[in-house]
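Please read the structure below before turning to the comments.
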Amino acid sequence: MDKNKIIQNIIDDLNSITDNLETLGKMLNESADLEETKQKKNTKEIEQRQLTLEEVRVAMAEKNREGHREEVKAILVKYGANKLTALDPEHYVEVLKKVGEIK
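Below is the structure:
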């Protein structure tokens, strides 16, 4: 094989790699967009239905067990309640969102 042919093969391989990386990048972007859409849909579903005190209690208890007691308490206080049963039902959706954001 002559030198020019080897160089051309390398260039062809690099172009192929570039195309594959572009395809992979597009696939990753589509996957991220799909995940974001899924999260928005889940949030909308939560907003559209009436939450119960028990659903909020379960989410808060889980975060509490994970060691986030102070964050959970701060969320309640932010919405004018010193305990969950004192929380106005109109705040259930916002509280559940805030609790879900605790990492």
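Its first residue numbered 1349, the sequence shown is counted upward by one per residue in my numbering. Cβ coordinates follow ideal geometry from the N, Cα and C atoms, glycine included.
Distance from the CA of Leu-1432 to the CA of Leu-1424, rounded to the nearest whole angstrom, comes to 7 Å.
Residue ranges of uninterrupted alpha helix (DSSP H) with 4 or more members, entirely inside the stretch 1384-1435 and ordered along the chain, are 1401-1413 and 1417-1426. When the alpha-carbon of Glu-1449 is set against those of Glu-1410, Ile-1358, Glu-1402 and Gly-1428, the nearest one is in Glu-1410.
Annotation for Lys-1446: the continuous alpha helix (DSSP H) segment containing it runs 1440-1449. At least 8 Å separates the beta-carbon of Val-1441 from that of Leu-1401.
Asp-1350 has its alpha-carbon roughly 10 Å from the corresponding atom of Gln-1356.
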